[in-house]
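Read the structure below first, then the notes.
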Amino acid sequence: MKSMWLAIWNYRHFILSSIRVEFRARFARSVLGGLWAIINPLAQAAIYAVVLSEVMAARLPGINDKLAYSVYLLGGMLGWSLFTEVLNRCTSIFIDNATIMKKVRFPKICLPAITSGVALVNGALLFVAILIVMALFGRFPGIEVLWVVPLALVTLIFGLGLGLILGTINVFVRDIGQVVPVVLQLMFWFTPIVYSVQILPARLRTLIYLNPMTCLVQGFQNALLFNTTPPWLRILVVGICSCLLLIFALFLFRRASGEMADVL
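Going letter by letter, the sequence shown gives residues 6 to 269 in our numbering.
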């Protein structure tokens, strides 16, 4: 385990340069450039806000404010987009970079590190865009907005641990890459992003709270909209479980890394 962290530190310049190269390549010859990284999630949240607020008259319990519902959606999308980007990219990271892994000698652990860095930059850009949108409508978050930093860290660790496990298995069992998008679609609706848990029946709430992303998404929403402290005790439990998951993922990755090149 220690050797992996040393490898990341020793190859830190390679990781940082790879993150820069990926952003340049992704938005090359694009008029809006890096803005596309925040336009997509903002557009998705806007569509949900219009459809659910106007057509379905969706409201938050105790709050009769359409803008509040939009901020609620944006808070949920901030946490969800960070999680899904890390998970999706890690699931196929070794297969997508098979050619590089065979031709260039570098620690394979650098690939998840690069993915994490790109996801964090995208998340930071989206967070800044959300703050700008809120400011334009005269709605400013309180000091609780600082909770976004530890929430993003826990979300990243959870997504990285789960994604690294799936990515390692996906090298040997390619069905994993086909199943993950379907499961994420189902998981999206079992996460209180477009609705509030309070409107659900009691038996469904218990099921929803079994989803680790529920308390994380609620944390982002509390910090941005309600200006209240997130459920830190549940977040702490999820954080500890996520660290254990990441440790197991690194152990599994280390055991399987020697066979990856032959399978790929």
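For glycine and all other residues, C-beta sits at the position ideal for the given N, C-alpha and C.
Does the beta-carbon distance from residue i to residue j come in below 8 Å?
i: L92; j: L167; result: yes
i: I170; j: L87; result: no
i: V202; j: C220; result: no
i: G84; j: L156; result: yes
i: L79; j: R144; result: no
i: G172; j: S97; result: yes
i: L230; j: V76; result: yes
i: Y16; j: P117; result: no
In angstroms with no decimal places, state the Cα-to-Cα distance between residue i and residue j.
i: P217; j: L131; result: 22 Å
i: Y214; j: L250; result: 19 Å
i: F195; j: I13; result: 35 Å
i: V222; j: C248; result: 18 Å
i: T104; j: F253; result: 26 Å
i: V150; j: N232; result: 7 Å
i: P186; j: I204; result: 27 Å
i: G182; j: T234; result: 37 Å
i: Q190; j: F19; result: 34 Å
i: V184; j: L165; result: 17 Å
i: L241; j: A124; result: 22 Å
i: R239; j: C246; result: 11 Å
i: R259; j: M265; result: 10 Å
i: F99; j: M106; result: 8 Å
i: R208; j: M139; result: 35 Å
i: L11; j: R210; result: 43 Å
Smallest Cα separation from residue i: which of the options?
i: G122; options: V178, L158 and P197; result: L158
i: A261; options: V184, N175 and G182; result: N175
i: I270; options: I240, E27, I148 and Y200; result: Nothing can be reported for residue 270: it is not among the residues displayed for the chain, which extend from 6 to 269.
i: G263; options: R208, M82 and I114; result: I114
i: V153; options: V138, A129 and L165; result: A129
i: Y200; options: F19, Q226, V138 and D101; result: Q226
i: Y74; options: N102, I198, L212 and R259; result: I198
i: E101; options: L209, R179 and I245; result: It should be pointed out that residue 101 corresponds to Asp in this sequence rather than to Glu. Out of L209, R179 and I245, R179 has the C-alpha closest to the C-alpha of D101.
i: I44; options: M106, V133 and L209; result: V133
So, is residue i buried or exposed, given that buried needs 16 or more other C-beta atoms within 10 angstroms?
i: E90; result: buried
i: R94; result: buried
i: S22; result: exposed
i: A228; result: buried
i: F163; result: buried
i: I137; result: exposed
i: I52; result: exposed
i: I135; result: buried
i: A30; result: exposed
i: A48; result: exposed
Compute the beta-carbon to beta-carbon distance between residue i and residue j, rounded to the nearest angstrom, for a pair I have assumed lies under 8 Å.
i: P206; j: G224; result: That belief does not hold up - the Cβ atoms of P206 and G224 are roughly 23 Å apart, past 8 Å.
i: M82; j: L255; result: Not really, about 29 Å apart at Cβ, beyond 8 Å.
i: V268; j: F193; result: No, V268 and F193 are not in contact; Cβ-Cβ is about 31 Å, not under 8 Å.
i: V126; j: I24; result: 7 Å
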